[in-house]
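Just so you know, we're using the working numbering here: the sequence shown kicks off at 235 and counts up by one.
Heads up, the thing below is written out as structure tokens.
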Amino acid sequence: MTREWAIVGYLAVPVVALLLFVLPAAWPRSWASPAELGAIVWENRAARMTLLLFCWWLGWHFLMPG
């Protein structure tokens, strides 16, 4: 396992746990649901492009050798 994948693995476990267990329980009822927020972000072209660019950067950074 490369050093980068080890870092991703160590960071992914608490992030996934946070997303699955902590956020749903602590999410205020007055806020939009995560699904609604996702739909809002996806409908906003600038936010969608930013999200896609960030995902592309992560993939490039961690998957490309060197």
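A virtual CB, placed ideally from N, CA and C, is assigned to each residue, including glycine.
Taking 7 Å as the cut-off, decide whether the C-beta atoms of residue i and residue j are in contact.
| i | j | result |
| --- | --- | --- |
| residue 238 | residue 288 | no |
Whole-angstrom Cβ separation of residue i and residue j, contact assumed at under 8 Å?
| i | j | result |
| --- | --- | --- |
| residue 281 | residue 275 | 5 Å |
When the Cα atoms are used, what is the spatial distance from residue i to residue j?
| i | j | result |
| --- | --- | --- |
| residue 283 | residue 292 | 14 Å |
| residue 244 | residue 261 | 25 Å |
| residue 255 | residue 272 | 18 Å |
| residue 286 | residue 294 | 12 Å |
| residue 290 | residue 259 | 31 Å |
| residue 278 | residue 265 | 18 Å |
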